[in-house]
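The following block contains the structure:
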């Protein structure tokens, strides 16, 4: 009754203070002028307290509702920045790897600390490739050199091996005022870019790399977004289309949403171990040409979240396709050392491109990305990375340099770390033996855990997992009973989100639902890192197994 | 003659490979279809070699010119990404602090190394607030704790004071796996956000600060761009307008260009020591309302590049203005410890806002920014920073948290450093005395150099310099002879750029011309940091003095 007497207004488009532009629809129906939903306030977080609510509020559909007093006077002041008046592109951004399920996991951790009883003692965050958080130890050599760079007084300390000191001195000499607290050149410290170029040359069997084509970055994500930023142009049917794999790493879809680019999905072939079919690329680009201007093809190799490692032949085919269709290639190669499966080998796009001869190597535009966060280093917190650009128009390169200069420089400790990654201890140097031992142990353990993950998951009826050939994740397919799918839909959540949320609440295991990465309609997956220690991973996989059986039974 | 026989085409809008959309205007006139300039190629870097040029090229006006063979055949393959087909917003970005003059400075440094004779021995980069590069020493306590966090084995080293170890342990305990190599929460490590909130409370005389309103960032720049990103919306006349001071720090204009927001200039009053007049704000916002939707007011206090420190009264007036006009306030307060002039004091916008009572403190939306890069720390390379958001709509805050999560997290070493800045050694702790000594010495030296800069520059006829009340720069006005202005214009460069370039070539001193920051038409300035050591700064100022006299004579 009381509710009925309340008069609501829907204010759209601008701050209510800008009277000239405020459009006010008085309505008793509470029908949203944007999405047409009737009574959207019932779905708003304020619905239960709508009678006492007196300011501005927003509904899920994104409109602003403002309560008027009975005499129709509108309160004088509202917020400048609301869901309704904010950047619409930002609203479209989604990033499942740190989405609602992770927020709930953080909440549960707090509840556990406060003594709330749960059927488990700890939350295990297997949602993100965060090696150190999962107990992986940093490489001693890296941290010693970084400590020396941070506090150069330690250069007099005899406990540090001589080669760590030489490295630190070399890095410091390249810094303004010999301090990693100085800004570097925006493209990155020159001698580090030279080291990166030499690393690429060694990796690619001597194919030359030009330090001028290397840009250090704040993690690989920063590099990827920067290149996309250059590429996005046009309006309507001429708007830039960017081809990304499905499943994908959601940085891509998030960046495209923010930049307002057109996302073009190409599906990886789950039946063939998540391989890439050129016919699917062709289908996708041709369909996209109807409504946008496809200009970019993104590849993640080794794959995230899908763990496949591309064959040399496949990479060649992709390059030929990109050349034929006039696409700029972006190769996300941050897992280049994470290759486990027998018969698999990492081939960089750069190397294959140059081996294909000048017809390709002098024309196809390519940007390749690497990072300090993955492989055997796992140094995510330092936000180190680099990109190499090949065949980029020199004028565009000047624009790129200008663009990165606005943010001054990538974090210098991350740059220093990137230097150590591309230029590790050499045979004969004091730190060599320990470095090799540590690196080998980490990569061997990852290979074992990749195998174990596949094996245990494939013993579960209703779960089928492709071999984890590389990277750091399994992405198994899960069968969900129809009744569970219906219940999830009734709740308005994706069925695999429903599954993962239940898993989290019952076992404390935090995974990311496949819907956060994209998947073929009607299929369901989750992504799970292989990073926990072998013992812990085994327990975790068996808990997933038990949960899946329980879940299946419950909803059958 | 030969030139006449060449047929040029102007290709616009898309890659030449997309035949369907390529628009080709054959023309003998070389009139640019974009800017209407006739014979733009004459101003292009390729003009002198146009007869031998055979690929794609670009003119200053941003169009692509492609030479056709005499029979009119267009070469088959062009670049996907060219000046013509790239993101037009990125092209509009300018960032003078690292612009052409700095690029030339780097070149000259290389030439000096190669033994090229110059009238000077070294390039002095007084263009950027890069304290360590200018010889300022890092704070020992900060670097000790960071070294301990980086290489925790040092916790067993007896040469580190106990309080540095306690701090390192506390930070490490807040990191995943006790490693600064783990990702943190996207908003920043929780206990660091708590420390920031407590710092703000102490600074602002007890006005409460909520850690949930604190977001750690990759330097202040990152925070500023992120908030602007949320605020930019609308099209045409409803497009978000953002008010920035002129002169301004060019991060603002660069970010607005990239985001496609409308830049609304308000001019600081040079005659009144670069103070801010509310009547000028009013003029600017009213004029802007004709063509856009002014929603944001950016303030830099203490000022960059202008060095003024705002009075409490002025801040109150600005807040009242923002409230009345419905503007979101962005307060760039990265120089909050850099206040030198007698009678001047730093007042945070947050504090003044809350002292104005609930009418303002519960309504005006404010984001305030701080950083590890300036003040007495000068740790630019670590890219540490934070922002505090006040009265932000909770739904928008959720969007902000989502947006920052896409980039995973700010660099953790920078977060740790921010923690130490907001929570320095306390009386009674072993590191306290040294910390205070170092901080005081740095700030005292800066105050002396601020004074010296003003005094020496004001002895030069034709240079007039306002007091450097705060921040790290002088921004003196320079009189340029009419003949110099004409010569610069004939060369197509801004007169103060012409002046600064000549100064660089003749003395090795690298300054940024006022045109890079914006200035009233017909006035000319440069920005110069006060960061070099007192001895060096004196030499530098006297060199500028001599140069200015020589320059004036030469062109009079």
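Chains as they are written, first to last, in the UniProt record's numbering: chain A, 1 to 556; chain B, 1 to 556.
Glycine included, each C-beta is placed from N, C-alpha and C at the ideal position.
Quick one: residues in its chain with C-beta nearer than 8 Å to the C-beta of residue 124(B), no 5 flanking neighbours on either side, listed in chain order?
Answer for residue 124(B): 508, 509, 510, 532, 536, 540, listed in chain order.
Could you check how far apart the C-beta atoms of residue 224(B) and residue 243(B) are, in whole angstroms? I think they sit under 8 Å.
Contact flag wrong, Cβ pair sits at about 14 Å.
Helix, strand or coil for residue 215(A)? Go by DSSP, reduced to three states.
The answer is strand: DSSP assigns residue 215(A) an E or B state.
Integer-rounded CB distance, given that residue 181(A) should sit under 8 Å from residue 176(B)
Not really, about 25 Å apart at Cβ, beyond 8 Å.
Check each candidate in 502(B), 446(B), 219(B), 241(B) and name the one with the smallest Cα separation from residue 550(B).
For the set 502(B), 446(B), 219(B), 241(B), the Cα lying nearest the Cα of residue 550(B) is the one of 502(B).
Would you call the segment 353-365 of chain B and the segment 181-201 of chain B in contact, with 3 or more CB pairs under 8 Å?
A contact is defined here as three or more CB-CB pairs under 8 Å, and the segment 353-365 of chain B fails this definition with respect to the segment 181-201 of chain B.
Between the segment 304-317 of chain B and the segment 335-355 of chain B, do at least 3 Cβ pairs fall closer than 8 Å?
Touching, per the Cβ criterion.
Can you check which of these residues, 351(B), 476(B), 504(B), is closest to residue 519(B) by C-alpha distance?
Closest option to residue 519(B), Cα to Cα, is 476(B).
Beta-carbon of residue 80(B) versus every beta-carbon of chain A: anything under 8 Å?
True, the Cβ-Cβ gap to chain A drops below 8 Å.
In terms of residues, what are the limits of the alpha helix (DSSP H) holding residue 332(B)?
Careful: residue 332(B) lies outside any alpha helix (DSSP H), inside the beta strand (DSSP E) at 328-332.
Neighbour list for residue 146(B) in chain A, Cβ cutoff strictly below 8 Å:
Within chain A, the residues whose beta carbon sits less than 8 Å from that of residue 146(B) are 150, 151, listed in sequence order.
Based on DSSP bridge pairs, tell me the residues matched to residue 509(B).
Within the DSSP secondary-structure output, residue 509(B) pairs in a beta bridge with 124(B).
For residue 369(A), which residues does DSSP report across the bridge?
Beta-bridge pairing links residue 369(A) to 332(A), 387(A).
Can you check whether the CB of residue 388(A) is closer than 8 Å to the CB of residue 213(A)?
Yes, they are a contact pair.
Please tell me whether residue 105(B) has its Cβ less than 8 Å away from any Cβ of chain A.
No, residue 105(B) lies away from the interface with chain A (no Cβ there is under 8 Å from its Cβ).
Extent of the continuous alpha helix (DSSP H) to which residue 241(A) belongs:
Counted as a single uninterrupted DSSP element, the stretch harbouring residue 241(A) is not any alpha helix (DSSP H) but the beta strand (DSSP E) occupying residues 240-246.
By Cβ distance, which residues of its chain are closer than 6 Å to residue 174(A), with the 5 residues on each side in sequence left out?
If we look at residue 174(A) and ignore the five residues flanking it on each side, its Cβ neighbours are 189, 191.
Below 8 Å between beta carbons: does that hold for residue 106(B) and residue 128(B)?
Result no, Cβ atoms of residue 106(B) and residue 128(B) do not sit closer than 8 Å.
Helix, strand or coil for residue 160(A)? Go by DSSP, reduced to three states.
Of the three classes helix, strand and coil, the one that applies to residue 160(A) here is coil, per DSSP.
Run the CB neighbour count on residue 449(A), radius 10 Å, all protein chains shown included, and call it buried at 16 or more, exposed below.
That one is buried.
Assess contact between the segment 361-374 of chain B and the segment 390-408 of chain B, defined as three or more Cβ pairs (one per stretch) separated by less than 8 Å. Is contact present?
These segments touch.
Restricting to Cα atoms, I'd like to know which of 88(A), 399(A), 553(A) is closest to residue 226(A).
For the residues 88(A), 399(A), 553(A), the minimum Cα distance to residue 226(A) belongs to 399(A).
Does the contact criterion of 3 or more C-beta pairs under 8 Å hold for the segment 89-104 of chain A versus the segment 396-414 of chain B?
Yes: at least three Cβ pairs fall under 8 Å.
Just the C-alpha distance for residue 33(B) and residue 229(A), rounded to the nearest angstrom, thanks.
Low per-residue confidence applies at residue 33(B): pLDDT is 33, beneath 50, and the placement is therefore not dependable enough to give any value.
Identify, in the order they occur along the chain, each residue of the same chain with its Cβ nearer than 8 Å to the Cβ of residue 460(B), setting aside the five sequence neighbours on each side.
Excluding residues within five positions, the ones whose Cβ falls inside 8 Å are 544, 545, 548, 549.
CB contact below 8 Å: residue 128(B) versus chain A:
Judged by the 8 Å Cβ criterion, residue 128(B) is in contact with chain A.
State the CB to CB distance for the pair residue 385(B) and residue 219(B), rounded to an integer number of angstroms; the pair is presumed to be in contact (CB under 8 Å).
With 8 Å as the limit, residue 385(B) and residue 219(B) qualify as a contact, their Cβ atoms being about 5 Å apart.
Got a sec: which bits of the segment 353-385 of chain A sit with their beta carbon under 7 Å from any beta carbon on chain B, in order along the chain?
Within the segment 353-385 of chain A, the residues whose Cβ lies closer than 7 Å to some Cβ of chain B are 363, 365, 378, 379, 380, 381, 382, 383, listed in chain order.
Counterpart residues of residue 298(B) in DSSP-defined beta bridges:
In the DSSP output, where bridge partners are listed per residue, residue 298(B) has 330(B).
If the cut-off is 8 Å on Cβ atoms, which residues from the segment 386-408 of chain A count as contacting chain B, listed in chain order?
Those residues of the segment 386-408 of chain A that come within reach of chain B (Cβ to Cβ, closer than 8 Å) are 391, 392, 393, 395, 396, 399, 402, 403, 405, 406, 407, 408.
For residue 143(A), go through chain B and note every residue whose CB falls closer than 7 Å to its CB, in chain order.
Residues of chain B passing the Cβ test: 150, 151.
Checking the sheet assignment: what are the DSSP bridge partners for residue 464(A)?
Bridge pairing for residue 464(A): 477(A) [DSSP].
Can you tell me whether residue 55(A) is helix, strand or coil according to DSSP?
Unreliable placement is indicated for residue 55(A), whose pLDDT of 34 sits below 50; no coordinate value is reported for it.
Which residue marks the beginning of the alpha helix (DSSP H) containing residue 401(B), and which one marks its end?
Start and end: 394-405.
Would you report the Cα separation of residue 285(A) and residue 248(A), rounded to the nearest angstrom?
Near 17 Å, if we compare the C-alpha coordinates of residue 248(A) and residue 285(A).
So, for residue 295(A): in the same chain, excluding its five sequence neighbours on each side, which residues have a beta-carbon less than 8 Å away from its beta-carbon?
Around residue 295(A): 231, 240, 241, 242, 326, 327, 328.
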